[in-house]
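Asker: I have a structure I would like to understand better, so I am pasting it below and will then ask my questions one at a time.
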Amino acid sequence: MIPRLSLLFAAQARFPAPEFESYTLPKMSLEELASDSVLWRVLLLAVFLAAGTWSFYKLRSRKALLAYSLAGLAVFGFIFASCPCPVGMFQNIAEGIANGSYIQPGVLLLFALPLAVALFAGRVFCGGACPLGAIQELLHWKSVFVPRPLDRILRLIPALLLLIFTVCAIFGIGFPLCYLEPYLPVFLLDFATPFAILSAVFLLVGLFVSRPFCRYVCPYGVLLRFFSYFSLLKPRITSQECVNCRLCEQGCPNGAILPPEGAGSTSEHRSGFRRISMLTALIPFALFAGGLFGYFCAPVLSSFHRDVRLVRELDAGIRSEAVEAFESTTTTREELRTRAVKLQNGILLASTAAGVLFGAVVMAELIAEARRRKEEEIYTIDPSLCFCCGRCYAACPLERKEKHHEK
Amino acid sequence: MRNDEIRRTLRFLQWTALTFILTLGLLLAYDMYRSRAPIKQAQDELAALKQQDLADAKLSQTVRDLDYLYRSAYFQTKDKQRRGVLLLGIAFFVLCGLFGAEMFWFAPKLKVPRGTGAAPEKERRQLLVFASCGIVVLVVALAVLRVTLVPAEKKPARVAAGDTGKQTQPDEVKPVQTETIDLAAALEAERTQWPQFRGSTLPNVNALPANWDFQEKWNSPVELPGNGSPVVWDDLVFVSGSDGKTGAVSCYDATTGALKWKTEAPPAAHTPEITEDTGYAASTPCVDAKRVYAVFASGDVLCLDHDGTTLWHKQLPDPVIMYGYASSPLLMGDKLIVQYDLDEKQTIFALNVFTGEIAWQTERDASASWSSPKGLVVDGKGMVFTAGNRLAELFDLETGKQLWSQECMGGEVAASASARDGKIFFSNSGAFTGAFNASDGTIIFRNDDSPAPDVASAVLFGDLYLLFGSGGTIIAIDAADGHELYEEDLDNGFYSSPVTVGGKIVAVDMDGVLYEFEPGSEKLETVGKYELGKSVVCVPAFHKGNVILRTKDSALICLEAKQ
Numbered sequence: 087m088i089p090r091l092s093l094l095f096a097a098q099a100r101f102p103a104p105e106f107e108s109y110t111l112p113k114m115s116l117e118e119l120a121s122d123s124v125l126w127r128v129l130l131l132a133v134f135l136a137a138g139t140w141s142f143y144k145l146r147s148r149k150a151l152l153a154y155s156l157a158g159l160a161v162f163g164f165i166f167a168s169c170p171c172p173v174g175m176f177q178n179i180a181e182g183i184a185n186g187s188y189i190q191p192g193v194l195l196l197f198a199l200p201l202a203v204a205l206f207a208g209r210v211f212c213g214g215a216c217p218l219g220a221i222q223e224l225l226h227w228k229s230v231f232v233p234r235p236l237d238r239i240l241r242l243i244p245a246l247l248l249l250i251f252t253v254c255a256i257f258g259i260g261f262p263l264c265y266l267e268p269y270l271p272v273f274l275l276d277f278a279t280p281f282a283i284l285s286a287v288f289l290l291v292g293l294f295v296s297r298p299f300c301r302y303v304c305p306y307g308v309l310l311r312f313f314s315y316f317s318l319l320k321p322r323i324t325s326q327e328c329v330n331c332r333l334c335e336q337g338c339p340n341g342a343i344l345p346p347e348g349a350g351s352t353s354e355h356r357s358g359f360r361r362i363s364m365l366t367a368l369i370p371f372a373l374f375a376g377g378l379f380g381y382f383c384a385p386v387l388s389s390f391h392r393d394v395r396l397v398r399e400l401d402a403g404i405r406s407e408a409v410e411a412f413e414s415t416t417t418t419r420e421e422l423r424t425r426a427v428k429l430q431n432g433i434l435l436a437s438t439a440a441g442v443l444f445g446a447v448v449m450a451e452l453i454a455e456a457r458r459r460k461e462e463e464i465y466t467i468d469p470s471l472c473f474c475c476g477r478c479y480a481a482c483p484l485e486r487k488e489k490h491h492e493k
Numbered sequence: 003m004r005n006d007e008i009r010r011t012l013r014f015l016q017w018t019a020l021t022f023i024l025t026l027g028l029l030l031a032y033d034m035y036r037s038r039a040p041i042k043q044a045q046d047e048l049a050a051l052k053q054q055d056l057a058d059a060k061l062s063q064t065v066r067d068l069d070y071l072y073r074s075a076y077f078q079t080k081d082k083q084r085r086g087v088l089l090l091g092i093a094f095f096v097l098c099g100l101f102g103a104e105m106f107w108f109a110p111k112l113k114v115p116r117g118t119g120a121a122p123e124k125e126r127r128q129l130l131v132f133a134s135c136g137i138v139v140l141v142v143a144l145a146v147l148r149v150t151l152v153p154a155e156k157k158p159a160r161v162a163a164g165d166t167g168k169q170t171q172p173d174e175v176k177p178v179q180t181e182t183i184d185l186a187a188a189l190e191a192e193r194t195q196w197p198q199f200r201g202s203t204l205p206n207v208n209a210l211p212a213n214w215d216f217q218e219k220w221n222s223p224v225e226l227p228g229n230g231s232p233v234v235w236d237d238l239v240f241v242s243g244s245d246g247k248t249g250a251v252s253c254y255d256a257t258t259g260a261l262k263w264k265t266e267a268p269p270a271a272h273t274p275e276i277t278e279d280t281g282y283a284a285s286t287p288c289v290d291a292k293r294v295y296a297v298f299a300s301g302d303v304l305c306l307d308h309d310g311t312t313l314w315h316k317q318l319p320d321p322v323i324m325y326g327y328a329s330s331p332l333l334m335g336d337k338l339i340v341q342y343d344l345d346e347k348q349t350i351f352a353l354n355v356f357t358g359e360i361a362w363q364t365e366r367d368a369s370a371s372w373s374s375p376k377g378l379v380v381d382g383k384g385m386v387f388t389a390g391n392r393l394a395e396l397f398d399l400e401t402g403k404q405l406w407s408q409e410c411m412g413g414e415v416a417a418s419a420s421a422r423d424g425k426i427f428f429s430n431s432g433a434f435t436g437a438f439n440a441s442d443g444t445i446i447f448r449n450d451d452s453p454a455p456d457v458a459s460a461v462l463f464g465d466l467y468l469l470f471g472s473g474g475t476i477i478a479i480d481a482a483d484g485h486e487l488y489e490e491d492l493d494n495g496f497y498s499s500p501v502t503v504g505g506k507i508v509a510v511d512m513d514g515v516l517y518e519f520e521p522g523s524e525k526l527e528t529v530g531k532y533e534l535g536k537s538v539v540c541v542p543a544f545h546k547g548n549v550i551l552r553t554k555d556s557a558l559i560c561l562e563a564k565q
């Protein structure tokens with residue numbers, strides 16, 4: 087029912103060009119704007135990232151970070167129409183590297199700059215320079231907290247998406263994930279269904295669950311998370327002596343605040359040891375299961391490739407437009423089949439490898455979460471999960487008191 | 003202004019913006035949906051006008067004026083929608099700003115800490131529970147997906163190098179051949195029946211209704227759709243049907259119309275791409291004294307006995323053919339002839355009627371066609387005539403040896419031939435209209451002037467060869483030399499092939515008007531005309547003075563003459 091309705095709305099009625107002999111079609115031309123220059127965008131992104139870092143680490147101001155988000159939304163969201171795009175960037179780069187094609191330096195910089203900043207200052211990019219992050223930050227109304235264990239499990243989804251769609255990009259399957267970029271209709275002001283429906287769903291969920299896309303979908307976020315783990319600057323909730331009031335933990339809807347880690351009893355240590363031992367023992371199985379999962383996914387991924395799909399259509403006797411187009415070319419069926427078989431084998435190998443890697447990521451994540459952290463008496467921020475929104479600053483009574491004194 | 007007043011104002015503005023966005027969004031969606039119909043209507047109207055003679059200055063000006071009018075209306079609508087979408091975007095940004103402003107100006111109230119705070123050790127245990135549950139759910143989901151979805155979808159086979167497609171379905175016990183069929187006796191026996199597409203191979207001797215004033219004797223729904231015609235043996239009526247997934251043969255009592263049985267074919271290996279006009283069961287089944295044979299668009303051939311028990315099933319290579327497979331099989335004695343002219347490969351299969359094994363197959367270098375083979379007997383020997391794109395050919399029934407071929411055909415060949423007295427007659431639009439000498443394949447005559455039918459097969463009647471077009475024109479040509487004798491225009495065209503029964507020609511047009519014609523040398527006389535009121539594309543069958551028709555809406559109707 088819903089796909090039918092979607093098609094009904096999505097299919098655009100068009101009026102054909104006039105057929106009068108006296109009429110000539112006007113030539114379309116696009117005037118290049120300064121904002122179209124990628125280097126200009128890189129420069130602006132650098133300025134934004136610097137401002138974000140300054141606001142988060144130096145000003146420690148939620149207000150400044152809100153302004154940063156609003157400006158990011160206006161510039162990178164509405165003016166640059168969702169650029170830099172955390173969904174498309176890694177696919178572009180993966181495809182470029184795999185095919186040895188030329189990657190524009192500007193595009194490479196757009197991709198690398200947020201990662202470089204993450205190494206230095208964490209996920210400042212997500213705070214507001216990312217248009218998707220900005221819109222979610224601003225349109226979050228009332229926080230419904232996802233239980234931390236469930237949150238950690240769901241956060242594995244982006245890693246899976248990253249691996250799957252990297253394989254897709256490498257093998258020329260295209261960028262299917264771009265169809266799942268939920269905020270694009272808003273930025274492009276093009277509300278064609280079914281994308282607008284996806285957009286509405288994410289916006290609605292985002293009103294209650296903070297940053298649903300950043301946390302549970304964004305594949306670029308996986309890279310940012312990894313780089314942020316090694317970040318030089320570590321954010322602190324308060325520069326004062328923490329009183330463990332827990333307000334920061336309750337104020338952070340993203341689950342980035344870590345509770346104090348006590349010394350732990352002997353039984354807790356034993357139980358932790360058993361847990362880690364069990365998980366470590368499971369690693370080979372997880373890798374095998376991941377590989378198997380990747381292996382099973384391969385035919386599905388292959389079926390999205392135009393050559394493989396074309397051969398299957400030819401074999402099944404389907405008269406699609408693609409088949410008709412193919413028949414008008416000089417490529418023989420044997421050549422097409424050889425190409426498709428080669429691709430299919432490549433996808434099978436890559437998908438299996440990606441599955442193994444995903445198994446490793448899952449186990450690494452589980453072991454990291456299952457082990458006891460370094461003994462810590464106060465609430466701390468996990469830089470790899472923190473989106474630099476500054477909510478904890480605003481929730482911390484000591485920070486507010488200090489701000490008040492500064493005024 | 004006090005802080006709480008500002009907050010209240012902001013909240014009010016947020017709600018206003020949200021309501022505005024929702025209302026405008028819905029209105030825009032509705033407007034976009036609504037504006038589609040008039041555009042389509044305008045385009046259709048313009049297209050219809052453009053079909054007329056545009057040399058007429060007045061008409062040309064009308065087209066220009068209408069084009070301008072509709073185009074203006076279209077772009078005005080588009081502009082209006084574009085403005086609406088822009089307004090929606092602005093409202094959206096304003097909403098973000100209002101949310102941001104509230105967060106900007108009003109720091110969250112300091113709260114009293116709730117609960118006892120997170121317990122890391124407990125959370126770790128929970129995490130493992132969640133992870134275990136997740137793994138179990140994933141494993142179950144994968145298992146369910148593999149067990150249910152994949153077989154239902156007929157898992158897309160891996161593209162294998164050198165794959166030539168499935169040939170047979172050897173999972174059934176093959177019946178042992180213990181009987182033989184005498185061709186002459188079999189052909190003679192079927193003259194009183196209605197055993198296959200367009201009736202019997204030899205002239206049919208069924209009686210026509212006493213008069214053309216009909217009443218419905220019975221009316222039974224056919225569960226599965228199909229464009230194959232009904233066939234009759236004794237008091238049993240057989241039809242085939244398929245919805246792409248399930249193909250079946252149904253048997254009805256010719257006297258009461260009651261469904262006696264329905265037997266399904268094994269699930270098709272692939273659901274082929276077909277057009278709605280063709281359907282998945284366009285081939286008419288064949289029936290002899292003991293068995294009924296049906297071919298489906300999936301390449302499945304099913305043989306049942308008269309009680310509906312499956313005797314054998316054969317899977318021919320996947321039929322890759324534009325529009326879908328539509329040729330009807332031909333039953334000649336102990337062989338079932340299947341003309342399998344696909345896009346890539348053109349083969350004539352002769353299947354052993356007892357076992358379904360291939361008795362012979364002859365591959366030719368031709369093109370796709372939808373024509374059905376025609377059986378004939380020359381000098382006591384059974385032969386099979388086939389017409390396809392490029393070639394008209396004759397094969398020996400026993401060996402499959404090509405006796406002769408004529409490279410005279412072209413276009414999309416869908417009609418079938420007629421044969422009499424060592425002559426084979428054929429007519430199809432864009433292909434060929436003429437007659438061949440069955441003994442050596444020489445062309446006796448050729449008529450390139452008269453418009454030929456594109457779907458319905460022409461019919462022989464005495465010295466006449468009559469062409470029933472899909473535009474409603476009936477042309478009579480001389481069966482001796484091919485020159486056109488006369489032409490009649492009717493209101494509706496014919497997809498259903500006319501047949502000669504009881505010394506008359508019976509034909510049913512696309513609107514379900516059942517005609518009884520008596521062609522003369524100068525004029526086609528309409529003896530009877532009965533309006534069924536339902537569209538028909540199948541060939542009617544005859545049983546004891548009754549007419550059995552399958553309608554487009556999948557009903558089987560038996561008409562009998564009023565007393």
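These protein sequence lines are chains A and B, in that order.
Quick note on this note's numbering: the first sequence kicks off at 87 and runs consecutively.
Quick note on this note's numbering: the second sequence kicks off at 3 and runs consecutively.
Beta carbons are placed, not taken as given, at the ideal position from N, Cα and C, and that holds for glycine.
1. Since residue 105/B meets chain A, which of its residues come closer than 7 Å, beta carbon to beta carbon?
2. Taking the alpha-carbon positions, what's the residue 382/A to residue 198/A distance?
3. Report the three-state DSSP secondary structure of residue 216/B (helix, strand or coil).
4. Using 7 Å as the threshold, is the C-beta distance between residue 455/B and residue 434/B below it?
5. Could you have a look at residue 113/B and say whether DSSP puts it in helix, strand or coil?
6. Does residue 149/A come within less than 7 Å of chain B when only Cβ atoms are used?
7. If the cut-off is 7 Å on Cβ atoms, which residues from the stretch 246-280 of chain A count as contacting chain B, listed in chain order?
8. In the structure shown, what three-state DSSP assignment does residue 314/A receive?
9. Where does residue 332/A fall in DSSP's three states?
10. How about residue 331/A and residue 115/B: do their beta carbons lie closer than 7 Å?
11. How would you list, in chain order, the residues of chain A whose beta-carbon sits under 9 Å from the beta-carbon of residue 323/B?
12. Name the DSSP bridge partner or partners of residue 491/B?
13. Compile a chain-ordered list of the residues in the stretch 338-350 of chain A whose CB is closer than 9 Å to at least one CB of chain B.
14. What would DSSP say about residue 518/B, mapped onto helix, strand or coil?
15. Do you know offhand how far residue 281/B's Cα is from residue 228/B's?
16. Mark residue 353/A as exposed unless 16 or more other C-beta atoms lie within 10 angstroms of its C-beta, in which case mark it buried.
17. Identify the contact partners of residue 236/A in chain B, using a Cβ-Cβ distance below 8 Å as the criterion.
18. Return the chain-ordered list of same chain residues with a C-beta closer than 8 Å to the C-beta of residue 355/A, the five sequence neighbours on each side being excluded.
19. Pop quiz: residue 458/B and residue 472/B are said to be a contact at Cβ under 8 Å. What is the actual Cβ separation, rounded to whole angstroms?
20. Under the rule that 16 or more other beta-carbon atoms within 10 Å means buried, what is residue 244/A, buried or exposed?
21. Measure the CB-CB distance between residue 439/B and residue 415/B and report whether it falls below 7 Å.
22. To the nearest angstrom, how far is the alpha carbon of residue 422/B from that of residue 192/B?
23. Indicate the three-state DSSP secondary structure (helix, strand or coil) for residue 545/B in the structure shown.
24. Could you check what DSSP says for residue 431/A in three-state terms: helix, strand or coil?
25. May I ask you to list the residues that DSSP assigns as paired with residue 404/B?
26. Inspect the beta-carbon positions of residue 276/B and residue 326/B and report whether they are closer than 7 Å.
27. Is it true that the CB of residue 508/B sits closer than 7 Å to the CB of residue 520/B?
28. So who's on the other strand from residue 347/A, going by DSSP bridges?
29. What separation, rounded to the nearest whole angstrom, lies between the Cα atoms of residue 527/B and residue 514/B?
30. Should residue 310/A go down as buried or exposed, given a rule of 16 or more other Cβ atoms within 10 Å for buried?
31. Would you report the Cα separation of residue 2/B and residue 241/B, rounded to the nearest angstrom?
32. Could you check whether the Cβ of residue 87/B sits closer than 7 Å to any Cβ belonging to chain A?
Answerer: Quick answer:
1. As a first step, residue 105/B is located in the second sequence; it is residue number 103 there, counting from the start. Within chain A, the residues 152 have their CB atoms less than 7 Å from the CB of residue 105/B, given in chain order.
2. Mapped onto the first sequence, residue 382/A falls at position 296. Mapped onto the first sequence, residue 198/A falls at position 112. Distance from the CA of residue 382/A to the CA of residue 198/A, rounded to the nearest whole angstrom, comes to 33 Å.
3. Position 214 of the second sequence, counting from 1, holds the residue named residue 216/B. In the structure shown, residue 216/B falls within a strand segment according to DSSP collapsed to helix, strand and coil.
4. Translated into positions along the second sequence, residue 455/B becomes position 453. Translated into positions along the second sequence, residue 434/B becomes position 432. No, the Cβ-Cβ distance between residue 455/B and residue 434/B is not below 7 Å.
5. As a working mapping, residue 113/B is identified with position 111 in the second sequence. DSSP places residue 113/B in the coil class of the three-state scheme, outside both helix and strand.
6. Here residue 149/A is taken as the residue at index 63 of the first sequence, counted from 1. Look at residue 149/A: its C-beta is under 7 Å from a C-beta on chain B.
7. Cβ contacts with chain B: 272, 275, 277.
8. Sequence index remark: in the first sequence, residue 314/A carries index 228 (1-based). Correct three-state label for residue 314/A: helix.
9. Here residue 332/A is taken as the residue at index 246 of the first sequence, counted from 1. DSSP places residue 332/A in coil when its eight states are reduced to three.
10. To locate residue 331/A, count along the first sequence from 1; it is residue 245. To locate residue 115/B, count along the second sequence from 1; it is residue 113. A contact, by the Cβ cut-off of 7 Å.
11. On the second sequence, position 321 is the one that residue 323/B refers to. Going along chain A in sequence order, the residues near residue 323/B (Cβ under 9 Å) are 403, 405.
12. Locating residue 491/B in the second sequence gives position 489, counting from the first residue. BP columns for residue 491/B point to 475/B.
13. Contact residues of the stretch 338-350 of chain A toward chain B are 343, 344, 345, 346, 347, 348, 350 (C-beta to C-beta distance below 9 Å).
14. Here residue 518/B is taken as the residue at index 516 of the second sequence, counted from 1. Looking at residue 518/B - three-state DSSP - the assignment turns out to be strand.
15. Here residue 281/B refers to the residue found at position 279 of the second sequence. Here residue 228/B refers to the residue found at position 226 of the second sequence. Here the alpha carbon of residue 281/B sits roughly 6 Å from the alpha carbon of residue 228/B.
16. On the first sequence, residue 353/A is found 267 positions in, with the first residue counted as 1. Flag for residue 353/A reads exposed.
17. Walking along the first sequence from the start, residue 236/A turns up at place 150. Ordered by position in chain B, the residues that pass the 8 Å Cβ test against residue 236/A are 132.
18. Reading the first sequence from its first residue, position 269 is the one you call residue 355/A. Taken in chain order, the residues that qualify are 458.
19. Working through the second sequence from its first residue, we reach residue 458/B at position 456. Working through the second sequence from its first residue, we reach residue 472/B at position 470. The Cβ separation is near 7 Å, so the contact holds.
20. Locating residue 244/A in the first sequence gives position 158, counting from the first residue. In this structure residue 244/A is buried. Its beta-carbon is surrounded by 16 or more other beta-carbon atoms within 10 angstroms.
21. Within the second sequence, numbered from 1, the residue matching residue 439/B stands at position 437. Within the second sequence, numbered from 1, the residue matching residue 415/B stands at position 413. Contact: no.
22. For the purposes of this step, residue 422/B is taken as residue 420 along the second sequence, with counting starting at 1. For the purposes of this step, residue 192/B is taken as residue 190 along the second sequence, with counting starting at 1. So the two alpha carbons sit approximately 17 Å from each other.
23. Counting from one through the second sequence, the residue named residue 545/B turns up at place 543. Reduced to three states, the DSSP call for residue 545/B is strand.
24. The sequence position of residue 431/A within the first sequence is 345, counting from 1. Helix, per DSSP.
25. Here the question's residue 404/B lines up with position 402 in the second sequence. Secondary-structure assignment with DSSP links residue 404/B through a beta bridge to 397/B.
26. Locating residue 276/B in the second sequence gives position 274, counting from the first residue. Locating residue 326/B in the second sequence gives position 324, counting from the first residue. Residue 276/B is a Cβ neighbour of residue 326/B, given a cutoff of 7 Å.
27. Sequence index remark: in the second sequence, residue 520/B carries index 518 (1-based). Sequence index remark: in the second sequence, residue 508/B carries index 506 (1-based). Using a Cβ distance threshold of 7 Å, residue 520/B and residue 508/B do not count as a contacting pair.
28. Sequence index remark: in the first sequence, residue 347/A carries index 261 (1-based). Beta-bridge partners of residue 347/A (DSSP): 462/A.
29. Reading the second sequence from its first residue, position 525 is the one you call residue 527/B. Reading the second sequence from its first residue, position 512 is the one you call residue 514/B. A direct Cα-Cα distance of roughly 19 Å separates residue 527/B from residue 514/B.
30. Sequence index remark: in the first sequence, residue 310/A carries index 224 (1-based). Burial of residue 310/A is indicated by the presence of at least 16 other C-beta atoms within 10 angstroms of its C-beta.
31. Outside the displayed span of chain B (3 to 565) sits residue 2/B, for which this structure offers no information.
32. On the second sequence, residue 87/B is found 85 positions in, with the first residue counted as 1. Output row for residue 87/B: interface = yes.
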